[in-house]
Amino acid sequence: MKINGQDYRSVWMVGNTIHSIEQNKLPEEFKIITIDSLEDVANSISTMIIRGAPAIGAMGVFGLAQAIHNMDKPNEEKIIKVRDILFKTRPTAYDLQHGLDYVMSKILSESDPDAIKRIARDSAQSYVDASAEACRKIGVYGDTLIKDGDKLLTHCNAGALATVDYGTALSPMRIAHENGKNIFVFVDETRPRLQGAKLTAFELHQEGINHAVIADNAAGFYMARGEVDMVITGTDRVAANGDVANKIGTYEKAVVAHENGIPVYIAAPISTIDFTCPTGNDIPIEERDENEVLDVNGLRVASQGSSALNPAFDVTPAKYITGIITEQGIFNPGELKKINQGGDSDIG
Numbered sequence: 001m002k003i004n005g006q007d008y009r010s011v012w013m014v015g016n017t018i019h020s021i022e023q024n025k026l027p028e029e030f031k032i033i034t035i036d037s038l039e040d041v042a043n044s045i046s047t048m049i050i051r052g053a054p055a056i057g058a059m060g061v062f063g064l065a066q067a068i069h070n071m072d073k074p075n076e077e078k079i080i081k082v083r084d085i086l087f088k089t090r091p092t093a094y095d096l097q098h099g100l101d102y103v104m105s106k107i108l109s110e111s112d113p114d115a116i117k118r119i120a121r122d123s124a125q126s127y128v129d130a131s132a133e134a135c136r137k138i139g140v141y142g143d144t145l146i147k148d149g150d151k152l153l154t155h156c157n158a159g160a161l162a163t164v165d166y167g168t169a170l171s172p173m174r175i176a177h178e179n180g181k182n183i184f185v186f187v188d189e190t191r192p193r194l195q196g197a198k199l200t201a202f203e204l205h206q207e208g209i210n211h212a213v214i215a216d217n218a219a220g221f222y223m224a225r226g227e228v229d230m231v232i233t234g235t236d237r238v239a240a241n242g243d244v245a246n247k248i249g250t251y252e253k254a255v256v257a258h259e260n261g262i263p264v265y266i267a268a269p270i271s272t273i274d275f276t277c278p279t280g281n282d283i284p285i286e287e288r289d290e291n292e293v294l295d296v297n298g299l300r301v302a303s304q305g306s307s308a309l310n311p312a313f314d315v316t317p318a319k320y321i322t323g324i325i326t327e328q329g330i331f332n333p334g335e336l337k338k339i340n341q342g343g344d345s346d347i348g
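In case it helps, our numbering puts the sequence shown at residues 1 to 348.
What follows is the structure, encoded as structure tokens:
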């Protein structure tokens, strides 16, 4: 992604130090942090310094590799303990589990400590690079759906900040823009943490893509007026039957779009598809701190004494989804079994 004219990934590793964009500071401040410990890796995920399923997966594999490097004599017991700590940070995002399992599969057959450290680092980097390439391919396939002059609507942030690079939902928009298509993007603000207003709008502005932030409850208004041609969002986990878990509010957008005859596409790398999860009812839904709802930027907006409920995700049934855009192509939600789970990259 471009920020102030320079290319960045959301997270990267140099030597044994992890570097990440501090997303909680955006858009007011662009800050890069360094992470040197397992505690800081876990904290960066749980406090949403880094967020978005593929980006969390990238931070997780780098964190696992870093922790293994810091061990005097890495062994299976120690490594599994680290994996479990990381896995518990954000349970809904499947890429975290997928990435950790990928690295674990490469190292558990090894016994030499130096080999374990080297393979962990190499496989983590391979996983992250493949994740970025998968998102680029999502953009190429998704671009075929977008016509010149289209008006798109997206929810939350499924851009480069939520992945390693390119994004999922925003990747087709980037490619369409690069190919000279004139598009416009409605950006849901995305309460309670405002990822749409703070992050998606920031990315689109940096790329020079026409957009406007709208209140979450204004999406139906624009759909009913015929001003939205397509809805594209990302997802944190896709079940085997095509149900998807994404940022709270996605379900509402999909239902309203369906009622107005507007196609709904979900953009996701294959690493986000959980083929072991039968339906959306089996996806764990993270509940976050109620103060995220009661406060806005640290200022209490609800009456003192009020409580709040704060599910971070909801599940959109497959029947409301037109297609799922992956690095292998665009699939009907009921056709996921056709996907080559081995893929054409190292993250399959």
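We put the beta carbon where it would ideally sit given N, CA and C, even for glycine.
Could you give the distance in angstroms between the alpha-carbon of residue i and the alpha-carbon of residue j?
| i | j | result |
| --- | --- | --- |
| E259 | M71 | 55 Å |
| G15 | V128 | 15 Å |
| S386 | S171 | No answer is possible for residue 386: the residues shown for the chain start at 1 and end at 348. |
| I119 | A302 | 50 Å |
| D346 | L294 | Bear in mind that the predicted position of D346 carries a pLDDT of just 46, short of 50, making it too unreliable to give a figure here. |
| E178 | Y222 | 26 Å |
| I175 | K78 | 43 Å |
| D344 | D122 | Note that D344 scores 49 on pLDDT, short of 50, meaning its location in the model is unreliable and no value can be drawn from it. |
| N43 | I339 | 34 Å |
| H69 | K117 | 5 Å |
| I107 | T17 | 20 Å |
| T190 | K73 | 45 Å |
| D40 | I270 | 28 Å |
| I330 | T168 | 13 Å |
| T163 | K337 | 24 Å |
| N291 | M48 | 15 Å |
| I33 | W12 | 11 Å |
| A209 | I183 | Before going further, note that residue 209 is Ile rather than Ala in the sequence given. Near 7 Å, if we compare the C-alpha coordinates of I183 and I209. |
| D150 | Y265 | 14 Å |
| N281 | V315 | 8 Å |
| S306 | D236 | 30 Å |
| A268 | T250 | 15 Å |
| N4 | D112 | 44 Å |
| L194 | M104 | 35 Å |
| E335 | A134 | 19 Å |
| E29 | V185 | 23 Å |
| M173 | E76 | 43 Å |
| K319 | Y141 | 22 Å |
| L152 | S109 | 47 Å |
| R225 | G242 | 29 Å |
Verify whether the separation of the beta carbon atoms of residue i and residue j is less than 9 Å.
| i | j | result |
| --- | --- | --- |
| D188 | V213 | yes |
| L161 | Q23 | yes |
| G99 | G159 | no |
| V244 | I321 | yes |
| A93 | G52 | yes |
| L309 | F202 | no |
| G60 | I35 | no |
| A240 | T276 | yes |
| L38 | A67 | yes |
| K31 | Q206 | no |
| N157 | G196 | yes |
| I285 | P311 | yes |
If residue i and residue j are in contact, beta carbons under 8 Å, what's the gap, nearest whole angstrom?
| i | j | result |
| --- | --- | --- |
| T154 | T233 | 6 Å |
| V238 | I324 | 7 Å |
| M255 | A219 | A quick correction: the sequence has Val, not Met, at residue 255. That belief does not hold up - the Cβ atoms of V255 and A219 are roughly 11 Å apart, past 8 Å. |
| S126 | P54 | Contact doesn't hold; Cβ gap of about 15 Å is too wide. |
Go ahead and label residue i buried or exposed: buried means 16 or more other beta carbons lie within 10 angstroms of its beta carbon, across all protein chains shown.
| i | result |
| --- | --- |
| L86 | buried |
| E327 | buried |
| H211 | buried |
| D165 | buried |
| K88 | exposed |
| I283 | buried |
| R90 | buried |
| I248 | buried |
| K198 | buried |
| R83 | buried |
| P192 | buried |
| G299 | What sits at residue 299 in the sequence shown is Leu, not Gly. That one is exposed. |
| P278 | exposed |
| I80 | exposed |
By DSSP's criteria, residue i is part of a beta bridge. Which residues make up the other side?
| i | result |
| --- | --- |
| A268 | Beta-bridge pairing links A268 to no other residue. |
| Q6 | I3 |
| N210 | F184 |
| N246 | D314 |
| V231 | L153 and V264 |
| V296 | L299 |
| E287 | P311 |
| G15 | According to DSSP, G15 bridges with nothing at all. |
| T47 | Note: T47 sits in no beta bridge, so no partner. |
| R237 | A245 |
| G329 | T326 |
| D274 | A239 |
| T144 | The partner list for T144 (beta bridge, DSSP) is empty, contrary to what the question assumes. |
Using a Cβ cut-off of 9 Å (strictly closer), state whether residue i contacts chain C.
| i | result |
| --- | --- |
| D114 | This model lacks chain C altogether, as it is built from one protein chain only. |
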